[in-house]
Structures are given as structure tokens and as C-alpha cells.
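**Student:**
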Amino acid sequence: MRVEGEDTLFGKLATWVVRLVERRPWAIVAVSLAFLVGSVWLATGLRVDDDLKVLLPPDAESIARLEALKARMGNQSDLVVVVESPSREANLAFGAAIAERLEARDDIRFVVFRRDRTFFEDNLLLYLGLPDLLDLRQRVKQRIQEEVRNELSLGFDDDEDEAPEGAATGKAAETDDPLDMGEDQLRERYGIDERMPEYFEAEEGRVVVVTARPTIGTTDVSFARKLVAGVEADIAAAGPASFHPEMSVRLEGAYPNRLGNISTIAGDAARGGAAAAVLLVLCLWFYFGRLRAVPLVMIPLVTSVVAALAYAALRYGFLNLVSAFIFAVLLGMGIDFGIHILGRYENERRRGFERPEAMRIALGTTGASTSAGAFSTIGVYLCLMVAEFQGFAQFGELAAVGVLLALVGVIVVLPAVTTVVERWRPWKPLRRDQARAAATPPPRVRRFRYPARTMAVAAVVAVVGLGTAGYAALHLDRVEFEYDFSKLGPEKAPGDQDADNEAAAWKDAVGKETTLSPVVALTENREQTEATHRLLADLAAMTEEQAAQIEAIRAAAEAGVPYLLPSEVAARAEQAADGGEAGAAAGAERQDVIDSDAGGGIAPEARFEALGRSAAGVGGLSHETLERLSPLSADRIRLMQRSLAQVFSIFSFVPDRQQDKLLVIRDIRSRIERKRGALSKETQDRLDETFHYLEVDEPVGVEDLPQWITQQFRDEQGHVDRFVLFRNHGSKADYAVAKEVQVGFFDLPTSAGVVPTSGNVYVMPEVMDTVKADGPLVVALAVGVVMLTAIVMFQSVSGFLAVVVTVMLSVLWLLGLMILLGWKANFFNIIAVPLLLGMGQDYAIHIYHRYESEGPGRLRRVLRETGGAVFMTTLTTVFGFGGILFANHRGLLSLGWISVLGLVLCFIGAVAMLPALLVLRDGIAARLSHAEAGDPEEP
């Protein structure tokens, strides 16, 4: 008897496979189980890497610079110990104790706890800005003038208690001291303590922070785990409760955060995979109505999926964010093959065929369409590998390997397991199932005239389907892309607000700017480092108004004319209205008195006036600053000014313009020394407190800085002057912010040459740009694979159109629903489009192939049997992708929901839209060919 599929190429292959399975079923099962054990062993070494850097190829510019940064500087991430209690003294004592323990650890490079300020206090005046020093000099001159005037007028006033005209009285007289050279006043006026606090503390000492720089970065997860465990043991050994009963100590910073993120993603992936496996088992039990179907399908499936994970462990060693849930996804996709093959096998058994022949028919017919769908899906996944974006490439590679292994498993292992199980306990179909399966189907005819009612329903379905797809196609420009990565990360739990409040306290202690993601300028020598630092420091000090008026300031500087900012013009106008001119005249008069007394050791006043003009510059920008900014366009200056938050390098501790400052300091010192005898006893006592600040007489260099400073800047080669670190405002998870940083700071033009910069902030915009570039290419290649598969599979225009139109309609429906629901595309869920092209084609191929095999008159049978299998494979694939819904990650959740919705639409397209189009095609063809009146109609 001639059996369906017997003479086809795949039918011959099926015959060979069945003969092999019948001879060696136990050997095949044993080999597959051994393969499973080995794969499990390899897969246990697989880890999840949530770092965005692994989503880019190693030769990406931002990655290459990060590697250069790592080689130059080593680890730049800190471990933070946060100590809290009501007692500042107890917190500081425990901070000292834990700092000592951390310094003794081999895995810690250095610790920062107490910052000895002796060096900076000895050289304090050098760290003031030149305008501040000139202001101090003016105050000293004013005080000396007043003291001299008082001495000259002593005994000549008619009323000793009467204040001079224009002098301050009352509380104003107490606070409006033009000198303010007392220790406390000097520190307060020039913000000395704020610039260099001795400890990292907040909330009046109730929060104290110790920072430590480990030897290895957070990318080494094993090191991070050992480090955190070791430091927690050190904290416990130090006994926080012995310092204060209410003391609490916790770890913050990059290391515990990284471990927490990895633990969360790995846990979500494990829960998602487990949930998907349980749901798939229940689906199999429900669909086949017996438990024996579960091992028949799951043994080859689990073996193939675990083998794919073993391949990932050997090939990569990790899964990136996009591939983290590949286990659940492969379970959902791979189970389709087993359902189709086992379903067809059981249908043939119900029709009376024995096990070998039923399996041969199943493999020779359904196996052909299954293989076509599998290879098409593999082709789509391989298209992902051409992408530069490694989220696409790794997922595509692992999915292609997993689908191929699942196909091999269902073609070879499933028949072997079925043979072993049925030899042990033969399966007997129920009689009612046998009777229904053996029922004579409608006769196969070349033309089939569908009833008018069926044609009408098909026409309505087609119009609705094509109409909605057309609407979506016309509004594709309304599909938005999500550029803010912060909206794609983990959803905050209700208790996270408390964690945010705790984090705010320790971030206040170390300075919130220091907790921003840094960018590093990689310099080649000390000259380039200083030039880069001064350039960025100028931009950081620039006001928004100066940046807005930079063109006018440059024009005034080139013309050699003064320029006042709009705010300065307004301030002078207000001052003039309030009698400021009289005050200015009085000041000039006082100046004349002092200058007339100038003598040896005091520089000519014109020199200080020149210094003042130089410090004031044009529009508040010095000529040196304007020269450093000259390579930058006005727009770039405005961009960099509003973005820059902090600049930090070894030259943060080396004052600028030191020779000019020393000139001012010497002048102040000389004036005080010459007039000391004319000053009041009170003034002399106050000067004695702070005169040591004026004794500095040499400039400060890099070599003079204390060790606790230089250790923070020492690179892997021992240099302390080979980088400049800076931080920027705004959320770096926002593409617009990160792209602005990239545009403004990627390469810095300085007087010592162009300096490249490196930082994690550059990774996200490059990821987004790569996705935008790869997306259209990947989708186009996937569509090409779908078309090519349809042509090769059916070798007819009708088969090609049936598959391609069905698939494209499903994708357009999905995009239309995204528009209606307000869902945005992102670099996680965009991967669903090529995946759905592959899955949708698989569904369409099964329906169309079975329909062409059965003939037009057997549409109900096709939908009942193959459509039922397609429904079950859709459901199981939904459950597979549904495993992603266990992730606490909004980007992955969007991938899960888009995939689930898309699969449902692909199913609707295959079992509703495709049959409707086939009914219309065959019905219209039958009517146009004037089919015989006796042509059978669909029962």
C-alpha cells in the first residue's frame, strides 16, 4: 500500500531514521542522556552579565577605550562602608577601626577615611582663587587705613562716642569687618572647610563613610563575592555594637550593587525557566491526555536546551541581558517540534498504523514541514548574528543552536524514547479516537466550491485583517522608540524609597557629584594632564550666563574692549541708583590714603590693578581661559558648560597662577609687618591667629602633595599625572543626556594636543546607535529568509504569497496594537520582530503544507488536527516567552509582552487569516472555472 510521503526525500530520510531507531533505541537514549549529563556540568559554569558593555563588539570605539582605561588605571570602582549611629564620636572611632582592617587586606589598594589637611592649611592661601586673594588684600588695606586714620584722629574728636559719618553702627558694625582675618572668619568667608572636609560625614556626624578601592573591578563576580563576604566579616569582627548600641554598618557602592543586580536577574531567570517548564508539562498532559507524552517530548527537549546552554558556556561563558532568559524561550520554541511530530504520530496510530510505520509517516510528512519551519527559524536567528549589537548576535546564535539541537532531538531522540516506552508498555488508542481518525474524509478534488456563507465569512475576515494591517502600515511613523534606559530597568519595590533615603545620606557625605558615573581623559604626560584639567575646570566654573554670551565675550576680547554681562549692567545700574557712586568715591579716597603710604617691599599698585583686570578678564573670563576655550565652538562650549558637574585630577590639588598669588600674599604680609605697630591690640591678636597662612613663600607642585592624595591618582605604571576624571549632570541612562556627553567630551582639544576620553557613559549611546543601525538590516534579512523558505518549500507563487502575506500581516497587527496601547519599541523588545517572523512563518507553513497535502475539501480536518497542534505550540511558546514576565526588569518585560502578543497574532493569522485567504482563492477559482454542479461542498 502506498503511504503519504513515502517517495519524497524526507520520506526516505524518515525511513532510514526509523530503521536505525528500531535497531538501536537504547543506545540512542543512553547517548542522549550522557550528552545531557555533560551539558548540565558545562552549563553550571554559565553566568549572567548585566553590564551594557557586553552588548557591544570588542572593537567598538567605546569598548576599546574602556579597555585602554582598564589597562592604564586598573579598577576605578569603590566599596563604601556606611556607619550610622547617634554619636559622631562613636562613628569616627569605628570608622578608624574598620579603615585599619581594610588597609591590611591584600584585595584593597587604598582606603580613604581621615584626610589630613595640614599640608593644605599650611598652603591655604594658594588654594584661594586669585580674585579672592585680591579681595583679601583689599580688605587688609582697608583695615590698615582705618586703623591709621583712627590713630591720627585720636584726641581730636569732639565726641568720642560719635561714630564717623558713614560708619556702620550696632550689629552691622560688629559683622561688617573689612579684614575678617580671624581663623573662623577666614574659613567661613572662603569656604575652606567645605572645600576639604576632614571626614566623609553627613547629618552632623550621624552618618560617617569609609571608602576603599579594591584591586579588581566589579566585572569579576567571583572576586566581588569574596570581597563583600570578607569585608562583612571584618565589620562583624570589629563589633559595631561595642562602639555604640544603636550603631548599624552596611556596604554600599558598585560591588554590592553589582552582586544584587546579578542575583536578581539570575533568580528571575531561574524562576521564569522553572515556571515555563511546569506550564509546558501541564500543557502536554492536557493536550495529549496522558502522562506518557510528557517524557516523550520533554526528554529530547530538555536535552537540547541544556546543550544550548552548555554551548553558551563554552562559547561565551556568560549570558547578556537579552539572552538571560534563553532557557525559557528555547523551551517554548523547541516544544513545538515535539508536539507536531508526536501529534501526527498518534493520529496515524489511531488510523491503524503500527508504531514504525506511524513514526515514518509522521517524520516523512509533518517532519518535513517541521524541518522547513525549523530551518527557516534558524535562518532568521542567524540573521541576528550579522548585527554589531551583541544582544541580537548572542541571542540569535544561541537560539539557532538551540532550535537545531531541538530539531535533531525530535527527529532522532523522540522516536527512540517512544520506541523504548512502547516496547515496555504499548500504547493502545481509544476506540472512539480510532473510529474518528479512520472516518473517510471528503474526496480529494482539484477544485472545491465553498458555500456562499463560508465565502462571505472568509471575505469579512480578509477585509478586517487587511484593513487593520493597512491602518498600521500607514501609521508606522507613530511607533516610538524608548531612549531613556532608566525606564527599562528594574521596577522599584515599595521599600526602595527607604533605600533611596539611606543612599541619599551617604552620598551627601562623600559628595553627590562623586557618585555620578565618571568619564576619564587619558593623557600622555603631565603637561597634557594640566592642560586638560585647566580646560575642564574653566568650563565647570563658567556660569550659564557666560556660556550664553560667549560669542559677545570673544568679540570683545578680540577687539580689546571691556564687556559687561547683562547681569553686571543691571547690578551697576541698581548700584548707581542707590548712591553707589558716592561710595566708590569714598573708596577711591581711602585708596589714595593707603597708596600714599606705600613703601619698600610693596609692589606698585598698578601691578595689582593689572592682576585684578586679568583675573576679572572679559565678561568674567580670563584671557587664559578664553585662549584655552578657543578650539571649541560656541555651541559646544554651552553644551559642555551645562553638562559638566565636577573635574578631578592631581591638578585639583595644584593651585593655578601660583606666582601671581605669591606676589599678592607677599604684599599682604609686607603691609601687615610694616603697619603692625599702628594696629590696635585686638587687631594684632587676631592677626597672630592667622599670620602663619601668610608665611607661604614657595609654589606647590605634584611632588609636594601628601601620600593620601597621590595614591588616589597612581595608575598601573606608577604615574600620578596621566588622567583627568570628570563627571556630568543628568541621568546617564537617558540617551539624550549620554549622547550629549559623547558629543561634547569624547575628544578634548587642548593646547597640548587632542585628548581621548573613556567612560561607561559612552556605552549606552553606542548601544542605541548600533541597535538603530542593525534593526532595519536584521528585519530585512529576516523577511528575506521568510520569502526564500516559502519559495523553496512550495515552489509556487500561491504558496509563497500565502506564507509571506500571513506573516507580514501578523507583524503589522502587532505594530498597530503597539500604537493603540502606547507601547514603545526599545532595544530589548525590538528583537521580537525577527523572532515573530520566524515563528509566524512556522505556523503558516504547517497549515498551508497540510492544506495542500489534504486538498481544499478537507479544511476542517486541517484546522482540527494541524490547527490544534498549532494552537498548542502557540500556547507552549507563549509559556516559554512568558518566563520572561518573571523578570523585575521593564525592558525584558516589554520583550515578554510583545512576544506573547505577537505569538497570539501569528496564531490568529495562521488559523483565521490564512484559511480565509485560501477559501477565497479556491472558491473564486472554482467559480471562475465553472466547476461541475455536482462538485462536493465542504461538509
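In terms of the numbering used here, the numbers along the sequence shown are unbroken and rise by one, the last being 941. Even for Gly, the Cβ is constructed at its ideal location relative to N, Cα and C.
Quick check on the burial criterion: 16 or more other C-beta atoms within 10 angstroms. Buried or exposed for V382?
**Tutor:** It counts as buried.
**Student:** Which residue comes first and which comes last in the alpha helix (DSSP H) that contains T876?
**Tutor:** Per DSSP, T876 belongs to the alpha helix (DSSP H) from L861 to G884.
**Student:** Looking only at its chain, what residues have a beta carbon closer than 8 angstroms to the beta carbon of F802, apart from the 5 residues adjacent to it on each side?
**Tutor:** Within the same chain, F802 has close Cβ partners M789, A792, I793 and F796.
**Student:** Applying the 10 Å Cβ sphere with the 16-neighbour rule, what's the burial state of Q709?
**Tutor:** Result: exposed.
**Student:** Within 10 Å of its beta-carbon, does P778 have 16 or more other beta-carbons around it, so buried, or fewer, so exposed?
**Tutor:** When all chains shown are included, P778 counts as exposed.
**Student:** Tell me whether A608 is buried or exposed, calling it buried when 16 or more other Cβ atoms sit within 10 Å of its Cβ.
**Tutor:** So A608 ends up on the exposed side.
**Student:** At which residues does the beta strand (DSSP E) containing T759 begin and terminate?
**Tutor:** It spans G755 to S760 - the beta strand (DSSP E) in which T759 sits, taken as one unbroken run.
**Student:** Helix, strand or coil: how does DSSP classify L128 here?
**Tutor:** It is helical.
**Student:** Who pairs with A309 in a beta bridge, going by DSSP?
**Tutor:** Answer is none; A309 lacks a bridge partner.
**Student:** Please report the straight-line C-alpha distance between G207 and D80, rounded to a whole angstrom.
**Tutor:** Rounded to whole angstroms, G207 to D80 spans 21 angstroms at the Cα level.
**Student:** Go ahead and pull the three-state DSSP assignment for D736.
**Tutor:** It is a strand residue.
**Student:** Could you tell me whether the Cβ atoms of L567 and G622 are closer together than 8 angstroms?
**Tutor:** Yes. Within cutoff.
**Student:** Which same chain residues, not among the five before or five after E86, have their C-beta less than 6 angstroms away from its C-beta?
**Tutor:** Result list for E86: V209 and S250, in chain order.
**Student:** Assign I926 to buried or exposed, taking buried as 16 or more other Cβ atoms, counted over all protein chains shown, within 10 Å of its Cβ.
**Tutor:** I926 comes out exposed.
**Student:** So for E742, helix, strand or coil by DSSP?
**Tutor:** Helix.
**Student:** Taking all protein chains shown into account, do 16 or more other C-beta atoms lie within 10 angstroms of the C-beta of S569, making it buried, or fewer, making it exposed?
**Tutor:** It is exposed - the Cβ of S569 has fewer than 16 other Cβ atoms within 10 Å.
**Student:** Note down, in chain order, each residue of its chain lying with its Cβ closer than 7 angstroms to the Cβ of R556, except the 5 sequence neighbours on either side.
**Tutor:** Within the same chain, R556 has close Cβ partners L628.
**Student:** Tell me whether the beta-carbon of R630 lies closer than 8 angstroms to the beta-carbon of A549.
**Tutor:** For R630 and A549, no; Cβs fall outside 8 angstroms.
**Student:** Using the Cβ count rule (16 or more neighbours within 10 Å means buried), how would you classify V921?
**Tutor:** The residue is buried, with at least 16 neighbouring Cβ atoms inside 10 Å.
**Student:** Write down every uninterrupted run of the beta strand (DSSP E) in the region 232-268 whose length is 3 residues or greater and which is fully enclosed by it, in chain order.
**Tutor:** For the region 232-268, whole beta strand (DSSP E) runs of length 3 or above, ordered along the chain, are 250-255.
**Student:** Any idea if N527 is buried or exposed, counting beta-carbon neighbours within 10 angstroms, 16 or more meaning buried?
**Tutor:** Exposed.
**Student:** Helix, strand or coil, according to DSSP, for T752 in the structure here?
**Tutor:** T752: strand per DSSP, three-state reduction.
**Student:** Between the region 125-133 and the region 695-704, do at least 3 Cβ pairs fall closer than 8 angstroms?
**Tutor:** Counting Cβ pairs under 8 angstroms, three or more are found: they touch.
**Student:** Using only CA atoms, which one of G885, R357 and G404 lies nearest to P302?
**Tutor:** Of the listed residues, the one whose Cα sits closest to P302 is G404.
**Student:** Using the beta-carbon count (16 or more within 10 Å), is R352 buried or exposed?
**Tutor:** R352 comes out buried.
**Student:** Expressed to the nearest angstrom, what Euclidean distance is found between the alpha-carbon atoms of I341 and V787?
**Tutor:** Distance between the alpha carbons of I341 and V787 is about 24 angstroms.
**Student:** Are there 16 or more other CB atoms within 10 angstroms of the CB of E105, so buried, or fewer, so exposed?
**Tutor:** With fewer than 16 other Cβ atoms within 10 Å, it is exposed.
**Student:** Going by other Cβ atoms of all chains shown within 10 Å of its Cβ, with 16 needed for buried, is D924 buried or exposed?
**Tutor:** D924 comes out buried.
**Student:** Could you give the first and the last residue of the continuous beta strand (DSSP E) run that contains T213?
**Tutor:** Per DSSP, T213 belongs to the beta strand (DSSP E) from V209 to P216.
**Student:** Assign A834 to one of two classes, buried (16 or more other C-beta atoms within 10 Å of its C-beta) or exposed (fewer than that).
**Tutor:** Answer is buried; the Cβ neighbour count reaches 16.
**Student:** Between which two residues does the beta strand (DSSP E) containing V913 stretch?
**Tutor:** Counting along the chain, V913 falls outside any beta strand (DSSP E), and DSSP gives it neither H nor E.
**Student:** In this structure, does DSSP put Q648 in helix, strand or coil?
**Tutor:** Here Q648 sits in strand by DSSP.
**Student:** Below 6 angstroms CB to CB, which residues in the same chain sit around D510 once its five sequence neighbours on both sides are set aside?
**Tutor:** For D510, where only same-chain residues beyond five positions count, the Cβ hits under 6 angstroms are A204.
**Student:** Measuring only the C-alpha atoms, how far is F888 from R451?
**Tutor:** In a straight line, the C-alpha of F888 is about 49 angstroms away from that of R451.
**Student:** Spatial neighbours of S34 within its chain, please: CB distance less than 6 angstroms, with the 5 preceding and 5 following residues excluded, ordered by chain position.
**Tutor:** Closer than 6 angstroms at the Cβ level, and outside the excluded window around S34, lie T305 and V415.
**Student:** Buried or exposed: which applies to H477, given that a residue is buried once 16 or more other Cβ atoms fall within 10 Å of its Cβ?
**Tutor:** Burial call: exposed.
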